[in-house]
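K.L.:
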Amino acid sequence: MKGIIFVLDGMGDRPVKELGDKTPLESAKTPNLDKIVEENITGIMDTIRPGVRPGSDTAHLTLLGYDPYEVYTGRGPFEAAGVNVDVKPGDIAFRCNFSTADDNFIVTDRRAGRILNGTDKLAETINQMKIDDNVQIIFKESDAHRAVLVLRGNGLSDQITDADPKEEGHKPKAVKPLDDSEEAKYTADVVNQFVQKSYEMLKDHPVNLERIENGEPPANVVIPRGVGAVPSVKPFEEKYGLKGICVAETGLIKGIAKIAGMDTVDIPGATGGINTNLDNVKEYIMNAVNDENYDFMLVNVDGADEAGHDGDYIGKRDFLEKVDKLIFSELKDRDDIVLFVTADHSTPVSVKNHSGDPVPVIMKAPYVRVDDITEYGERAAAKGGLCRIRGSDVMYMIRDALNVIPKFGA
Ligand code: ZN
Ligand code: ZN
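Start counting the sequence shown at 39; every next residue gets the next number (the working numbering).
1. For PHE177, I'd like the list of residues in its chain whose CB is within less than 6 Å of its CB, leaving aside the five on either flank, ordered along the chain.
2. With DSSP run on the structure shown, which of helix, strand or coil describes LYS55?
3. Within 7 Å: the Cβ of SER393 and any heavy atom of ligand 1?
4. Excluding the five sequence neighbours on either side, which residues of its own chain have a C-beta within less than 6 Å of the C-beta of LEU280, listed in chain order?
5. Please state the DSSP three-state secondary structure of SER270.
6. Looking at the secondary structure, which residues open and close the alpha helix (DSSP H) in which SER137 lies?
7. Just how far apart, CA to CA, sit LEU358 and VAL399?
8. Within this structure, are the beta carbons of LYS360 and LEU290 separated by less than 8 Å?
9. Could you work out which residue in ALA298, VAL75, ASP409 and ALA267 is closest to ASP129 when comparing CA atoms only?
10. Residues in the same chain with beta-carbon distance under 6 Å from LYS320, minus the five sequence neighbours each way, listed in chain order, please.
11. Curious, which full-length alpha helix (DSSP H) runs of at least 4 residues does the stretch 57 to 125 contain?
12. What residue from TYR224, GLU206 and ASP217 has the CA that sits closest to ASN192's CA?
13. If you measure between the beta carbons of ILE294 and MET83, is that distance less than 8 Å?
14. Between which two residues does the beta strand (DSSP E) holding ILE400 run?
15. Any idea what DSSP makes of GLN234, helix, strand or coil?
16. Expressed to the nearest angstrom, what Euclidean distance is found between the alpha-carbon atoms of THR100 and GLU251?
17. Check the DSSP bridge columns for LEU46 and list the partner residues they point to.
18. Just the C-alpha distance for ASP438 and ASP395, rounded to the nearest angstrom, thanks.
19. Would you report the Cα separation of VAL90 and ILE169, rounded to the nearest angstrom?
20. Which of the three DSSP states, helix, strand or coil, is assigned to PHE446?
21. In this structure, what does DSSP give as the bridge partners for GLU416?
22. Expressed to the nearest angstrom, what Euclidean distance is found between the alpha-carbon atoms of SER393 and ASN172?
23. How about the stretch 48 to 55 and the stretch 375 to 395: do they share at least three Cβ pairs that are nearer than 8 Å?
24. Between THR288 and GLU206, is the Cβ-Cβ spacing less than 8 Å?
25. Could you pull the start and end residues of the beta strand (DSSP E) that ALA286 belongs to?
26. Skipping 5 residues on each side, what residues in its chain have a beta carbon closer than 6 Å to that of THR199?
27. How big is the Cα-Cα spacing for ALA150 and SER219?
28. Indicate whether GLY103 and LYS292 have their beta-carbon atoms separated by less than 8 Å.
29. Cβ of ASP350 within 7 Å of any heavy atom in ligand 2?
30. What distance in whole Å lies between the Cβ atoms of ALA119 and ILE305, which are believed to be in contact at a cut-off of 8 Å?
31. I think TYR414 touches LEU194, with their Cβ atoms under 8 Å apart; what is that distance to the nearest whole Å?
32. Give the DSSP-derived three-state secondary structure of PHE143 in the structure shown.
33. Kindly examine ligand 1 and report whether one of its heavy atoms sits closer than 7 Å to the Cβ of SER270.
34. Within a Cβ cutoff of 7 Å, which residues of the same chain sit near GLU344, ignoring the five residues on either side of it in sequence?
35. Exposed or buried, SER388, counting other C-beta atoms within 10 Å across all chains shown (16 or more means buried)?
36. If I measure Cβ to Cβ from GLU275 and keep anything under 7 Å in the same chain, skipping five residues before and after, which residues do I get?
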């Protein structure tokens, strides 16, 4: 038997007038998920606690049984791990943008024209940067204009502000310490030097000279944000005795799995949007389901969240229908899995961001106490037999259903 947490990112929603006061999930035709519901048990879940609006990162940490208030320091460490930087506890990590600055150091394009090519060469140059002997600079390009920065050394702190001016027409913000420590003061100074030096090193870089010649905005400055200290996390396998793999589209979720010591895969054509290559996503999911080396897998399919952020209720509904048809058709009759289907949080199309609304869950397992619910939806699931649970309950429930959890007491 294999345990699976299957996250449909941002699936939960609120009633939408244009959908006849149904949510996108309620209005979607999902015959395969409905069959799983009919034969199993449902409920709703507050991923962190009622009313808390989770980020995808804190939500996934919670689902895996980690306390986000303990291990979550910021997004940077997970993004860095997600692009295969071998981060170590204590490293200070950031997510970054390649941006365009003019001769006065004013940011004119935060995304450098969404640059697609040449960022690996720019990253090579940035990795030559020396600030002082105490701190090592590790820099890596990610998708498009995105990148990550890791500072490694003694006397560093993550208690500093962001350099991101958030909008065009401003200089990168001067990074400031958030407390009185020498470490915070020093790290803020390092990051300010980093931003300045990135501009000096990149402004006449061959990649940028070519971009200018082609009328494209040069990627001539690197702006870090989302700082966090890499946490020390007990590996998933050590914690549960289960060998885990993560099949996810985005670097953020892969990074969480990596920091938890799980294996990950890179899915070609996976964009994390509703236009993702779902055939490939399905192939990687099914390969992992069938791989006997693993006792547990975490799946994240991201499109519903993106559609939620875009306020696109049709796109969200249609995407959920596609996932049902393509992927849950394969999983619905498997009797060798304990499958927990959920969202990490709601992303209502009316809010265009995450909300604290609880999410609908299904637990498929042998001999489960089947309830009366027959279709998958937020309000139907609220009447299900699991009632209302929290994200931190999920790994207990899965291990119990797998019969691998030790007894508590005599
Ligand atoms: Zn999410
Ligand atoms: Zn989101």
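For each residue, glycine too, the CB sits at the ideal point set by N, CA and C.
P.N.:
So, to answer that:
1. ALA161, ILE164, ASN165 and LEU187
2. helix
3. no
4. ASP333 and PHE334
5. coil
6. Here SER137 belongs to no alpha helix (DSSP H); instead the beta strand (DSSP E) covers 130 to 139.
7. 15 Å
8. no
9. ALA267
10. LEU364 and ILE365
11. 62 to 65, 69 to 77, 94 to 101, 106 to 109 and 114 to 120
12. TYR224
13. no
14. 397 to 402
15. helix
16. 48 Å
17. VAL339
18. 27 Å
19. 40 Å
20. coil
21. None; GLU416 has no bridge partner.
22. 42 Å
23. yes
24. no
25. 282 to 286
26. VAL213 and LYS214
27. 35 Å
28. no
29. no
30. Between ALA119 and ILE305 the Cβ distance is about 17 Å, and since that is not below 8 Å, they are no contact.
31. In fact, because the Cβ distance is near 47 Å, the residues do not count as touching under 8 Å.
32. coil
33. no
34. GLY310, GLY311 and ILE312
35. exposed
36. LYS281, GLY282 and GLY299
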